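The block underneath contains the structure these notes are about, expressed in C-alpha coordinates.
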Amino acid sequence: MTELLLVRHGQAGFGTDNYDQLSALGAEQAAATGEHLREIGSAPTRTASGDMVRQRDTAAIANRAQGITHPPQVLPEFNEYDAGGIFDAFLDTVAAKDAQVAAQRDALHTDRRVFQRAFEGVMTQWLHDPQPEQRDVESWAQFRDRVVAGADALIRATSPGETITLYTSGGVIAVLVGHALGLDAERTVALNWRVYNASVTRLRFGRRTGLNLMGFNAMDHLRLKGGDRFLSFR
(Lines of atoms letter the chains of each structure in order from A and count residues from 1; the text may use other names and numbers.)
(Lines give C-alpha, C1' and ligand atoms only; values in the text may rest on other atoms or scores of the structure.)
Protein backbone atom coordinates (compact mmCIF):
# COMPACT_ATOMS: atom_id res chain seq x y z
CA MET A 1 0.00 0.00 0.00
CA THR A 2 1.09 3.56 -0.74
CA GLU A 3 -0.36 6.33 1.42
CA LEU A 4 -0.94 9.76 -0.05
CA LEU A 5 -1.57 12.64 2.35
CA LEU A 6 -3.16 15.65 0.67
CA VAL A 7 -2.69 18.93 2.54
CA ARG A 8 -4.49 22.03 1.34
CA HIS A 9 -2.40 25.20 1.44
CA GLY A 10 -2.84 27.63 4.32
CA GLN A 11 -5.06 30.67 3.99
CA ALA A 12 -4.01 32.73 0.99
CA GLY A 13 -4.26 36.42 0.12
CA PHE A 14 -8.00 36.82 -0.47
CA GLY A 15 -8.89 40.49 -0.82
CA THR A 16 -5.31 41.53 -1.60
CA ASP A 17 -3.66 42.35 -4.91
CA ASN A 18 -2.04 38.91 -4.96
CA TYR A 19 -4.06 35.88 -3.91
CA ASP A 20 -1.15 33.50 -4.48
CA GLN A 21 0.60 34.11 -1.18
CA LEU A 22 0.05 32.93 2.36
CA SER A 23 -1.54 35.27 4.84
CA ALA A 24 -0.07 35.47 8.34
CA LEU A 25 -2.79 33.05 9.45
CA GLY A 26 -1.97 30.77 6.51
CA ALA A 27 1.63 30.48 7.68
CA GLU A 28 0.45 29.63 11.20
CA GLN A 29 -1.90 26.98 9.81
CA ALA A 30 0.89 25.42 7.76
CA ALA A 31 3.13 25.21 10.81
CA ALA A 32 0.31 23.72 12.89
CA THR A 33 -0.29 20.99 10.32
CA GLY A 34 3.41 20.20 10.12
CA GLU A 35 3.61 19.96 13.91
CA HIS A 36 0.56 17.69 13.93
CA LEU A 37 2.05 15.34 11.36
CA ARG A 38 5.26 15.17 13.39
CA GLU A 39 3.36 14.50 16.62
CA ILE A 40 1.39 11.59 15.17
CA GLY A 41 4.53 10.08 13.67
CA SER A 42 3.45 10.48 10.07
CA ALA A 43 6.93 10.58 8.57
CA PRO A 44 6.71 10.83 4.78
CA THR A 45 9.24 9.16 2.54
CA ARG A 46 8.58 11.90 -0.03
CA THR A 47 7.05 15.36 0.01
CA ALA A 48 5.77 17.25 -3.00
CA SER A 49 3.78 20.35 -3.87
CA GLY A 50 2.27 22.13 -6.81
CA ASP A 51 4.17 25.04 -8.31
CA MET A 52 2.03 27.83 -6.87
CA VAL A 53 3.57 30.09 -4.23
CA ARG A 54 0.92 29.31 -1.62
CA GLN A 55 1.44 25.58 -2.15
CA ARG A 56 5.24 25.71 -2.09
CA ASP A 57 5.33 27.96 0.98
CA THR A 58 2.90 25.73 2.85
CA ALA A 59 5.11 22.74 2.06
CA ALA A 60 8.26 24.54 3.20
CA ILE A 61 6.73 25.71 6.49
CA ALA A 62 5.14 22.34 7.27
CA ASN A 63 8.32 20.45 6.42
CA ARG A 64 10.33 22.74 8.67
CA ALA A 65 7.87 22.09 11.52
CA GLN A 66 8.36 18.35 10.98
CA GLY A 67 12.15 18.60 10.90
CA ILE A 68 12.29 17.57 7.23
CA THR A 69 15.34 19.10 5.58
CA HIS A 70 15.06 17.91 1.98
CA PRO A 71 13.05 20.24 -0.27
CA PRO A 72 9.69 19.03 -1.59
CA GLN A 73 9.45 17.96 -5.20
CA VAL A 74 7.63 20.64 -7.21
CA LEU A 75 5.03 19.17 -9.57
CA PRO A 76 2.92 21.62 -11.59
CA GLU A 77 0.43 18.83 -12.31
CA PHE A 78 -0.99 19.67 -8.88
CA ASN A 79 -1.52 23.38 -9.49
CA GLU A 80 -5.04 24.63 -8.87
CA TYR A 81 -7.39 25.43 -11.73
CA ASP A 82 -7.17 28.98 -13.09
CA ALA A 83 -9.88 30.66 -11.02
CA GLY A 84 -9.12 34.07 -12.51
CA GLY A 85 -9.43 32.73 -16.03
CA ILE A 86 -12.69 30.97 -15.18
CA PHE A 87 -14.11 34.19 -13.74
CA ASP A 88 -13.07 36.12 -16.84
CA ALA A 89 -14.70 33.53 -19.10
CA PHE A 90 -18.01 33.08 -17.30
CA LEU A 91 -18.77 35.93 -14.87
CA ASP A 92 -20.78 37.94 -17.39
CA THR A 93 -22.96 34.90 -18.08
CA VAL A 94 -23.54 34.33 -14.36
CA ALA A 95 -24.30 38.00 -13.69
CA ALA A 96 -26.85 38.01 -16.52
CA LYS A 97 -28.70 35.16 -14.80
CA ASP A 98 -28.21 36.17 -11.15
CA ALA A 99 -29.34 39.66 -10.19
CA GLN A 100 -27.63 39.45 -6.79
CA VAL A 101 -24.25 38.74 -8.36
CA ALA A 102 -24.81 41.52 -10.90
CA ALA A 103 -25.63 44.03 -8.17
CA GLN A 104 -22.63 43.13 -6.01
CA ARG A 105 -19.85 42.67 -8.57
CA ASP A 106 -17.79 45.44 -6.96
CA ALA A 107 -17.64 43.42 -3.73
CA LEU A 108 -16.47 40.17 -5.32
CA HIS A 109 -12.91 40.40 -4.03
CA THR A 110 -13.66 41.82 -0.59
CA ASP A 111 -16.84 40.03 0.56
CA ARG A 112 -16.38 36.27 0.95
CA ARG A 113 -20.11 35.51 0.71
CA VAL A 114 -20.54 37.48 -2.50
CA PHE A 115 -17.44 35.85 -3.92
CA GLN A 116 -18.65 32.35 -3.03
CA ARG A 117 -22.03 32.88 -4.69
CA ALA A 118 -20.39 34.11 -7.88
CA PHE A 119 -17.70 31.42 -7.71
CA GLU A 120 -20.24 28.61 -7.51
CA GLY A 121 -22.02 30.11 -10.50
CA VAL A 122 -18.95 30.40 -12.70
CA MET A 123 -17.80 26.91 -11.73
CA THR A 124 -21.15 25.49 -12.82
CA GLN A 125 -20.78 27.26 -16.15
CA TRP A 126 -17.23 25.94 -16.46
CA LEU A 127 -18.30 22.35 -15.82
CA HIS A 128 -20.98 22.48 -18.49
CA ASP A 129 -19.28 24.69 -21.06
CA PRO A 130 -20.46 23.39 -24.46
CA GLN A 131 -17.46 24.84 -26.32
CA PRO A 132 -14.40 24.51 -24.04
CA GLU A 133 -12.02 24.49 -26.99
CA GLN A 134 -12.96 28.12 -27.71
CA ARG A 135 -11.89 29.34 -24.26
CA ASP A 136 -8.51 30.66 -23.19
CA VAL A 137 -8.74 28.64 -19.98
CA GLU A 138 -8.16 25.00 -19.10
CA SER A 139 -11.41 23.04 -19.31
CA TRP A 140 -12.82 21.00 -16.45
CA ALA A 141 -11.97 17.76 -18.28
CA GLN A 142 -8.40 18.92 -18.91
CA PHE A 143 -7.96 19.92 -15.25
CA ARG A 144 -9.38 16.64 -13.95
CA ASP A 145 -7.28 14.55 -16.32
CA ARG A 146 -4.11 16.52 -15.47
CA VAL A 147 -4.56 15.93 -11.75
CA VAL A 148 -5.45 12.25 -12.03
CA ALA A 149 -2.53 11.58 -14.39
CA GLY A 150 -0.21 13.42 -12.01
CA ALA A 151 -1.33 11.28 -9.08
CA ASP A 152 -0.95 8.09 -11.10
CA ALA A 153 2.60 9.06 -12.05
CA LEU A 154 3.47 10.04 -8.48
CA ILE A 155 2.20 6.75 -7.09
CA ARG A 156 3.93 4.69 -9.80
CA ALA A 157 7.22 6.32 -8.85
CA THR A 158 6.97 5.03 -5.27
CA SER A 159 7.33 1.63 -3.67
CA PRO A 160 4.62 -0.10 -1.61
CA GLY A 161 4.69 1.06 1.99
CA GLU A 162 5.82 4.58 1.21
CA THR A 163 4.01 7.70 2.41
CA ILE A 164 3.84 10.81 0.24
CA THR A 165 2.70 14.18 1.55
CA LEU A 166 1.41 16.43 -1.21
CA TYR A 167 0.75 20.13 -0.57
CA THR A 168 -1.81 21.41 -3.03
CA SER A 169 -5.20 23.14 -3.34
CA GLY A 170 -8.86 22.41 -2.72
CA GLY A 171 -9.79 21.72 -6.32
CA VAL A 172 -6.99 19.18 -6.71
CA ILE A 173 -7.99 17.45 -3.48
CA ALA A 174 -11.63 17.35 -4.60
CA VAL A 175 -10.67 15.79 -7.94
CA LEU A 176 -8.62 13.03 -6.30
CA VAL A 177 -11.29 12.27 -3.70
CA GLY A 178 -13.96 12.30 -6.40
CA HIS A 179 -11.82 9.97 -8.50
CA ALA A 180 -11.41 7.55 -5.59
CA LEU A 181 -15.16 7.57 -4.87
CA GLY A 182 -16.35 7.58 -8.48
CA LEU A 183 -18.21 10.89 -8.10
CA ASP A 184 -19.59 12.91 -10.98
CA ALA A 185 -18.34 16.41 -11.77
CA GLU A 186 -20.98 18.27 -9.73
CA ARG A 187 -20.39 16.22 -6.59
CA THR A 188 -16.66 16.50 -7.03
CA VAL A 189 -16.75 20.29 -7.26
CA ALA A 190 -19.10 20.42 -4.25
CA LEU A 191 -16.34 18.81 -2.19
CA ASN A 192 -14.09 21.72 -3.10
CA TRP A 193 -16.21 24.13 -1.05
CA ARG A 194 -15.74 21.98 2.07
CA VAL A 195 -11.94 21.69 2.16
CA TYR A 196 -10.42 23.69 5.03
CA ASN A 197 -7.12 25.48 4.68
CA ALA A 198 -4.27 23.24 5.92
CA SER A 199 -6.59 20.26 6.38
CA VAL A 200 -5.36 16.71 5.77
CA THR A 201 -7.01 14.16 3.47
CA ARG A 202 -5.71 10.58 3.34
CA LEU A 203 -5.78 8.32 0.30
CA ARG A 204 -4.35 4.83 0.08
CA PHE A 205 -3.39 3.01 -3.09
CA GLY A 206 -3.19 -0.75 -3.43
CA ARG A 207 -2.29 -2.71 -6.54
CA ARG A 208 -5.52 -4.71 -6.31
CA THR A 209 -7.80 -2.19 -4.63
CA GLY A 210 -6.80 0.97 -6.49
CA LEU A 211 -7.21 4.40 -4.88
CA ASN A 212 -9.24 4.48 -1.66
CA LEU A 213 -10.32 7.31 0.62
CA MET A 214 -9.20 6.78 4.22
CA GLY A 215 -9.96 10.21 5.69
CA PHE A 216 -11.26 13.51 4.38
CA ASN A 217 -10.61 17.11 5.43
CA ALA A 218 -9.21 16.45 8.92
CA MET A 219 -8.89 19.76 10.74
CA ASP A 220 -9.27 19.01 14.45
CA HIS A 221 -5.52 19.59 14.86
CA LEU A 222 -6.06 23.17 13.69
CA ARG A 223 -8.78 23.79 16.25
CA LEU A 224 -6.60 22.27 18.97
CA LYS A 225 -3.65 24.48 17.99
CA GLY A 226 -5.48 27.77 17.50
CA GLY A 227 -9.19 27.44 18.18
CA ASP A 228 -11.80 28.48 15.65
CA ARG A 229 -9.49 31.26 14.46
CA PHE A 230 -7.46 28.59 12.67
CA LEU A 231 -10.45 27.32 10.69
CA SER A 232 -10.86 28.97 7.30
CA PHE A 233 -11.94 28.12 3.79
CA ARG A 234 -10.49 31.20 2.10
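Using the numbering used here, the final residue of the sequence shown is 234, and nothing's skipped along the way. Think of the CB as a built atom: it goes at the ideal place given N, C-alpha and C, for glycine as much as any other residue. All values reported here derive from a predicted model rather than from experimental measurement.
{"Item": "From Gly-161, Leu-231, Gly-227, pick the residue whose C-alpha is nearest to that of Phe-205; which is it?", "Value": "Gly-161"}
{"Item": "Have a look at Leu-222 and Gln-134 and give me their C-alpha separation to the nearest angstrom.", "Value": "42 Å"}
{"Item": "On the criterion of 16 or more Cβ atoms from any shown chain inside 10 Å, does Ser-236 qualify as buried, or is it exposed?", "Value": "Outside the shown range of the chain (1 to 234) lies residue 236, about which nothing can therefore be said."}
{"Item": "Measuring alpha carbon to alpha carbon, tell me which residue in Leu-203, His-109, Asn-63, Trp-193 is nearest Gly-15.", "Value": "His-109"}
{"Item": "For Glu-80, does the count of other Cβ atoms within 10 angstroms reach 16, so buried, or fall short, so exposed?", "Value": "buried"}
{"Item": "Excluding sequence positions up to five away, which residues of its chain have a Cβ less than 8 Å from the Cβ of Asp-20?", "Value": "Ala-12, Gly-13, Met-52, Val-53, Arg-54"}
{"Item": "With a floor of 4 residues, list each alpha helix (DSSP H) that falls wholly inside the stretch 15-68, ordered by position along the chain.", "Value": "24-39, 53-66"}
{"Item": "Given Asn-217, which residues of its chain have a CB within under 7 Å of its CB, disregarding the five upstream and five downstream residues?", "Value": "Arg-194, Val-195, Tyr-196, Ser-199, Thr-201"}
{"Item": "State the beta-bridge partners of Thr-168 as determined by DSSP.", "Value": "Arg-8"}
{"Item": "Just tell me which of Glu-120, Val-148, Ser-232, Arg-112 has its CA closest to the CA of Glu-77.", "Value": "Val-148"}
{"Item": "Which residues in the same chain as Ala-102 place their Cβ atom closer than 6 Å to its Cβ, once the five residues preceding and following it in sequence are excluded?", "Value": "Ala-95"}
{"Item": "Give the straight-line distance between the Cα atoms of Val-137 and Gly-85, rounded to the nearest whole angstrom.", "Value": "6 Å"}
{"Item": "Measuring CB to CB, does Phe-233 end up less than 7 Å from Gln-29?", "Value": "no"}
{"Item": "Specify the secondary structure class of Ala-218 as computed by DSSP and reduced to three states.", "Value": "strand"}
{"Item": "Enumerated in chain order, which unbroken segments of the alpha helix (DSSP H) with a length of 4 residues or greater are wholly contained in the stretch 91-153?", "Value": "99-103, 112-127"}
{"Item": "Can you list, in chain order, the residues of its chain with a C-beta nearer than 7 Å to that of Leu-91? Leave out the 5 residues immediately preceding and following it.", "Value": "Ala-118, Val-122"}
{"Item": "In terms of alpha-carbon separation, which member of Asn-63, Gly-10, Ala-24 lies closest to Ile-164?", "Value": "Asn-63"}
{"Item": "DSSP three-state label for Thr-209, please.", "Value": "coil"}
{"Item": "Measure the CB-CB distance between Thr-33 and Val-7 and report whether it falls below 7 Å.", "Value": "yes"}
{"Item": "DSSP on Leu-224, reduced to helix/strand/coil?", "Value": "helix"}
{"Item": "Nearest by alpha-carbon distance to Leu-4: which of Met-214, Glu-120, Gly-10 is it?", "Value": "Met-214"}
{"Item": "Looking at the structure shown, is Leu-291 part of a helix, part of a strand, or coil, going by DSSP?", "Value": "Here the chain covers residues 1 to 234 and nothing more, so residue 291 does not appear."}
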